[in-house]
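Participant: Going line by line, the protein sequences match chains A and B.
The first sequence lines up with residues 2 to 392 when you count with the numbering used here.
The second sequence lines up with residues 2 to 392 when you count with the numbering used here.
For each residue, glycine too, the CB sits at the ideal point set by N, CA and C.
Protein chains: 2
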Amino acid sequence: MPGSSTDSPAATSPPLGTTSRELARLVLVHGPISRADLGRRLDLSPASLTRLSKPFLERGLFVESAAEHGLTGRPTRPLDARVDAARFAGLKITGDAVSGVVTDLRATPLASLERELPGHGVDAVVRVVADVVAELDAAAPGAPLAGLGASVGGNVDAGRVVTRAPFLEWRHVPLADLLESATGLPATVENDVTALTTAEHWFGPARDVSSFAVVTVGAGVGYGLVVNDRVVVTADTGLGLGGHLPLDDEGPRCSEGHPGCSSLMLTAPGLVAQVTRALGHAVTYDEVLRLAAARQPEVVAVTDSAGQALGRMLGLIANLALVDTIVLSGEGVGLWEVVGEVARAQLGAERDPEATPVTLHVDDSGFVAWARGAAATAIQSAVYTLRLPGA
Amino acid sequence: MPGSSTDSPAATSPPLGTTSRELARLVLVHGPISRADLGRRLDLSPASLTRLSKPFLERGLFVESAAEHGLTGRPTRPLDARVDAARFAGLKITGDAVSGVVTDLRATPLASLERELPGHGVDAVVRVVADVVAELDAAAPGAPLAGLGASVGGNVDAGRVVTRAPFLEWRHVPLADLLESATGLPATVENDVTALTTAEHWFGPARDVSSFAVVTVGAGVGYGLVVNDRVVVTADTGLGLGGHLPLDDEGPRCSEGHPGCSSLMLTAPGLVAQVTRALGHAVTYDEVLRLAAARQPEVVAVTDSAGQALGRMLGLIANLALVDTIVLSGEGVGLWEVVGEVARAQLGAERDPEATPVTLHVDDSGFVAWARGAAATAIQSAVYTLRLPGA
DNA sequence: CCTGTTATTTCCGCGATAGAAAAAAGCTAT
DNA sequence: ATAGCTTTTTTCTATCGCGGAAATAACAGG
Chain A
2 MPGSSTDSPA ATSPPLGTTS RELARLVLVH GPISRADLGR RLDLSPASLT
52 RLSKPFLERG LFVESAAEHG LTGRPTRPLD ARVDAARFAG LKITGDAVSG
102 VVTDLRATPL ASLERELPGH GVDAVVRVVA DVVAELDAAA PGAPLAGLGA
152 SVGGNVDAGR VVTRAPFLEW RHVPLADLLE SATGLPATVE NDVTALTTAE
202 HWFGPARDVS SFAVVTVGAG VGYGLVVNDR VVVTADTGLG LGGHLPLDDE
252 GPRCSEGHPG CSSLMLTAPG LVAQVTRALG HAVTYDEVLR LAAARQPEVV
302 AVTDSAGQAL GRMLGLIANL ALVDTIVLSG EGVGLWEVVG EVARAQLGAE
352 RDPEATPVTL HVDDSGFVAW ARGAAATAIQ SAVYTLRLPG A
Chain B
2 MPGSSTDSPA ATSPPLGTTS RELARLVLVH GPISRADLGR RLDLSPASLT
52 RLSKPFLERG LFVESAAEHG LTGRPTRPLD ARVDAARFAG LKITGDAVSG
102 VVTDLRATPL ASLERELPGH GVDAVVRVVA DVVAELDAAA PGAPLAGLGA
152 SVGGNVDAGR VVTRAPFLEW RHVPLADLLE SATGLPATVE NDVTALTTAE
202 HWFGPARDVS SFAVVTVGAG VGYGLVVNDR VVVTADTGLG LGGHLPLDDE
252 GPRCSEGHPG CSSLMLTAPG LVAQVTRALG HAVTYDEVLR LAAARQPEVV
302 AVTDSAGQAL GRMLGLIANL ALVDTIVLSG EGVGLWEVVG EVARAQLGAE
352 RDPEATPVTL HVDDSGFVAW ARGAAATAIQ SAVYTLRLPG A
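1) Using a beta-carbon distance below 9 Å, is residue 380 of chain B in contact with chain A?
2) List the residues of chain A that residue 271 of chain B touches, going by C-beta distances under 9 Å, in chain order.
3) Within 10 Å of its beta-carbon, does residue 247 of chain A have 16 or more other beta-carbons around it, so buried, or fewer, so exposed?
4) Taking 8 Å as the threshold, find out whether the region 62 to 73 of chain A comes into contact with the region 333 to 340 of chain A through three or more Cβ pairs.
5) So what does DSSP say about residue 40 of chain A, is it helix, strand or coil?
6) Examine chain A for any beta-carbon lying closer than 9 Å to the beta-carbon of residue 362 of chain B, and answer yes or no.
7) Rank B/32, B/21, B/316, B/234 by C-alpha distance to the C-alpha of residue 324 of chain A and give the top, closest one.
8) Report the three-state DSSP secondary structure of residue 9 of chain A (helix, strand or coil).
9) If I measure Cβ to Cβ from residue 187 of chain A and keep anything under 8 Å in the same chain, skipping five residues before and after, which residues do I get?
10) Under the assumption that residue 228 of chain A contacts residue 210 of chain B (Cβ atoms under 8 Å), give the Cβ distance between them as a whole number of angstroms.
11) Assuming residue 351 of chain B contacts residue 388 of chain B (C-beta within less than 8 Å), just tell me the rounded distance between them.
12) Return the CA-CA distance between residue 154 of chain B and residue 121 of chain B, expressed in angstroms with no decimal places.
13) Going straight from the alpha carbon of residue 101 of chain A to that of residue 85 of chain A, what length do you get?
14) Starting from residue 343 of chain B, find everything on chain A with Cβ-Cβ shorter than 9 Å and list it in chain order.
15) Excluding five sequence neighbours on each side, which residues of the same chain lie with their C-beta closer than 8 Å to the C-beta of residue 137 of chain B?
16) Return the chain-ordered list of same chain residues with a C-beta closer than 7 Å to the C-beta of residue 293 of chain B, the five sequence neighbours on each side being excluded.
17) Which term fits residue 282 of chain B, buried or exposed, when burial requires 16 or more other beta carbons within 10 angstroms of its beta carbon?
18) Are there 16 or more other CB atoms within 10 angstroms of the CB of residue 236 of chain A, so buried, or fewer, so exposed?
19) How would you write the range of the alpha helix (DSSP H) that residue 313 of chain B sits in, first residue to last?
20) Do you know how far the Cα of residue 140 of chain B is from the Cα of residue 239 of chain A?
21) Which ranges does the alpha helix (DSSP H) cover as unbroken runs of at least 4 residues, wholly within the region 164 to 227 of chain B, from first to last along the chain?
22) Of the residues that make up the region 229 to 243 of chain B, which ones have a beta carbon closer than 9 Å to any beta carbon in chain A?
23) So for residue 158 of chain B, helix, strand or coil by DSSP?
24) Measuring straight from C-alpha to C-alpha, what distance separates residue 319 of chain B and residue 207 of chain B?
25) Just mark residue 390 of chain A as buried or exposed, buried being the case when its beta carbon has 16 or more other beta carbons within 10 Å.
26) State yes or no: is the beta carbon of residue 7 of chain A nearer than 9 Å to at least one beta carbon in chain B?
27) Can you tell me where the beta strand (DSSP E) holding residue 110 of chain B begins and where it ends?
28) According to the Cβ coordinates, are residue 108 of chain B and residue 377 of chain B closer than 9 Å?
29) Figure out for me which residue from A/61, A/145, A/330, A/243 has the closest Cα to the Cα of residue 322 of chain A.
30) Report the rounded CA-to-CA distance for residue 254 of chain A versus residue 262 of chain A, giving the unit in angstroms.
31) Under 7 Å Cβ-Cβ, which residues of chain B neighbour residue 251 of chain A?
32) Quick one: does residue 1 of chain A have its CB under 9 Å from some CB of chain B?
33) Once you ignore the five residues that flank residue 326 of chain B on each side, which residues in its own chain have a CB closer than 6 Å to its CB?
34) Can you tell me which of the three DSSP states residue 281 of chain A falls into?
35) Which ranges would you report for the beta strand (DSSP E) in the region 50 to 112 of chain A if only whole runs of at least 3 residues count?
Below, the structure written as structure tokens:
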């Protein structure tokens, strides 16, 4: 009876407080985890955990998994997210194609799909995306789709508007709104590298580490950073600043005249061009990797300098971004199998022997990694906008 | 009367909540600032500001400066810190000397002083520090000294214990405890670069920027980072990882074999050695700078490559630490006057033309900057442990 | 069965915050 | 001069989230 104006039973409950959101994140990210553990991580009292987790349990978003017996004391009754409570779609839009995944609540891919783009027209692209989402929905049935994430190379404003996407030749396209109309799902739009970094932060092998970097190789070189459990986003995110680092003063020059630029030494087109020149005939990226694995001398010369360049880049990242963990991903990450050893050696040389060794995680899911990143932003957005009756 | 056990009138009030601390920091850092402004910055309602600032005003830690009239509406009555409410001492301890400052509450130096160290014995160093503090106290009288900060090159644990200080040959020295016994003042110990970075964060020209880097030149090259308004501290802080970056593949090699290493290209000893070799006779750092300013060709050759190396380092920092603001400091920062132009040009070449231009701030306070950094940690510590009766 | 240990819950109080409304302190236009 | 406008600041009060203490639960081992 206290002065609340419109308290119909179906009134929208307020959005989750930051603590509830953090709780949701922790349970999602750290799997079955006891309330006691959560309390320690969140720096909350046990009492608070009981209170905070109750609405999630009532809504069926958390489940209590089987009791785990320690050596002594009352067994713990860990909380876990019901990963099949919802599905999400993630789409990476490049200049040529849309690649998508459906995932569960933990961004685990359930099905994936790629579709060529007929052109760069906004309407056409939106139509393709909607088709892909519909097909993915059918390909891996389950809980209803709860959201959609799309990622593009370029600048994105507030998770909704593509302000600049050079490969699509887009400027100020309200993509989230368009996708919501086309699919009826809540949509989130994000820069591709930021999305991938977000996915690594919540669901990747470095999710326990509060600061780490992400490096992607493929069509370009991408670079993302997480510091103190926050993805670092700046005005320059989307410009690909990690893509033009000087890594070898004697290396070939990129289109902008940078010697030994990462855009030449490490990208698929850059390697293909170098090897094509060295061999005198055209090759594909896969052939480059195959020839390098077969120790073809001219090719190995190219990939060895690529490995050194990568090692140097990783060393610079560790020393300047102050991280000791780096995740490697991207559609061209197959390169790592060929150059990993050289890169590691170079990294060792760049790094002070007394310093914490750099932990490397290689995410070899290739193209799916990008789409999964997009799905992760949708999951985040869903968690952040979640409303619970009793909370 | 509710169940509080020992509530004598003089009982210690609880420590400040995080919001009060943030308020204290904002007022300290952003000078005269209206409650309305503070409310916007802290994302608090005006009501909260009234409540939060009251205890500070009652304690005399804040003053209301003269009303400022806007174009319309009630004039603002900005809050400001009473900078002379307390003084702090800051000491930088190197292998050779102790240099100290007394500062006001805003880390503005009131007096400074340098004293040679007789050796590296812990007791002797503590005695020298205590002497320096006493002399500084007398040199610039005022409010009582409220705390003391000491900084050293090396690793420091929890602001109290020097775990490793190569230049002093120390291991596990409980310096804060020792200094507190010797001086009777609350003491804080911190790594030198971290302390300097902290000072820049709270009191430096980049204090409005939430993410920036600090580069120091002098005996070595130091590197500190602030991201999202937090000084980044890692396990490797104190190792000087910014000091061995490859900046010029053709440059001379450092003791560890790194070509064009920042420890050679940019430090005072490195430059002195290069110029000495080039000229065939010994020179001092000041002479190097003077000769370079006089455009002596052999010297200019050295400083020009130093400038290029510095520009490259700044570019790498901006691109990899994702900052667009860098503060240059350190006792050898006089170098900037000589190489600034070259460095800026190189930085421009390293940076994507579409990216936010890098803002550079040069703190030319030289050696005092280090001691001031130490004082800043003492101020921080005082703010963080402050207790107010009515809060 | 009793004791020790750890996890979780219940109950209650406290502190921090926001919201609304009022008061304050100017300015401008009539 | 006074009414009306704007913005800041204060006062008052309701609410929300959190923690502390004690109770309860669920085991292991003597």
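Facilitator: Well, looking at it:
1) Not an interface residue.
2) Close partners of residue 271 of chain B in chain A (Cβ separation under 9 Å) are lacking, with about 17 Å as the shortest Cβ gap.
3) By the 10 Å Cβ count, residue 247 of chain A comes out buried.
4) Output reads no: the region 333 to 340 of chain A does not touch the region 62 to 73 of chain A.
5) DSSP places residue 40 of chain A in helix when its eight states are reduced to three.
6) Closer than 9 Å: no.
7) Looking from the CA of residue 324 of chain A, the closest CA among B/32, B/21, B/316, B/234 belongs to B/234.
8) With a pLDDT of 36 at residue 9 of chain A, under the threshold of 50, the modelled position of that residue is not reliable, and the figure given next carries that caveat. Coil.
9) Correct list, in chain order: 147, 148, 149, 181, 379, 382, 383, 386.
10) At roughly 15 Å, the Cβ-Cβ gap does not stay under 8 Å, so residue 228 of chain A and residue 210 of chain B are not in contact.
11) With a contact defined as Cβ atoms closer than 8 Å, residue 351 of chain B and residue 388 of chain B miss out at about 49 Å.
12) Looking at the two C-alpha atoms, the distance is approximately 13 Å.
13) Approximately 19 Å between the Cα atoms of the pair.
14) Residues of chain A passing the Cβ test: none, with the nearest at roughly 16 Å.
15) Residues of the same chain with a CB within less than 8 Å of the CB of residue 137 of chain B, apart from the 5 flanking positions on each side, are 90, 101, 102, 103, 112, 113, 114 in chain order.
16) Cβ within range, chain order: 300, 301, 304, 339.
17) Taking a 10 Å sphere around the C-beta of residue 282 of chain B, we find fewer than 16 other C-beta atoms and assign the residue as exposed.
18) Residue 236 of chain A should be labelled exposed.
19) Counting along the chain, the alpha helix (DSSP H) containing residue 313 of chain B begins and ends at 298 to 321.
20) Using only the alpha carbons, I get a separation of about 53 Å.
21) Fully enclosed alpha helix (DSSP H) runs of 4 or longer: 176 to 184, 193 to 204.
22) For the region 229 to 243 of chain B, the set of positions with a beta-carbon nearer than 9 Å to some beta-carbon of chain A reads 229, 231, 233, 234, 235, 236, 237, 238, 240, 241, 242, 243 in chain order.
23) Note: residue 158 of chain B maps to strand in three-state DSSP.
24) Approximately 15 Å between the Cα atoms of the pair.
25) Residue 390 of chain A comes out exposed.
26) Its pLDDT being 33, under 50, residue 7 of chain A is placed unreliably by the model, and the measurement read from it follows with that caveat. No, its Cβ sits nowhere closer than 9 Å to a Cβ of chain B.
27) Note, residue 110 of chain B: beta strand (DSSP E), 110 to 117.
28) Yes; because the gap between Cβ atoms is below 9 Å, this pair is in contact.
29) Residue A/243 is the option with its Cα nearest to residue 322 of chain A.
30) Between the alpha carbons of residue 254 of chain A and residue 262 of chain A lies a distance of about 7 Å.
31) By Cβ distance, chain B contributes 250.
32) Residue coverage of chain A in this structure runs from 2 to 392, which leaves residue 1 of chain A outside it and unanswerable.
33) Around residue 326 of chain B: 207, 210, 213, 360.
34) Residue 281 of chain A: coil per DSSP, three-state reduction.
35) Uninterrupted beta strand (DSSP E) stretches at least 3 residues long and entirely within the region 50 to 112 of chain A occur at 63 to 65, 80 to 82, 88 to 94, 98 to 104, given in chain order.
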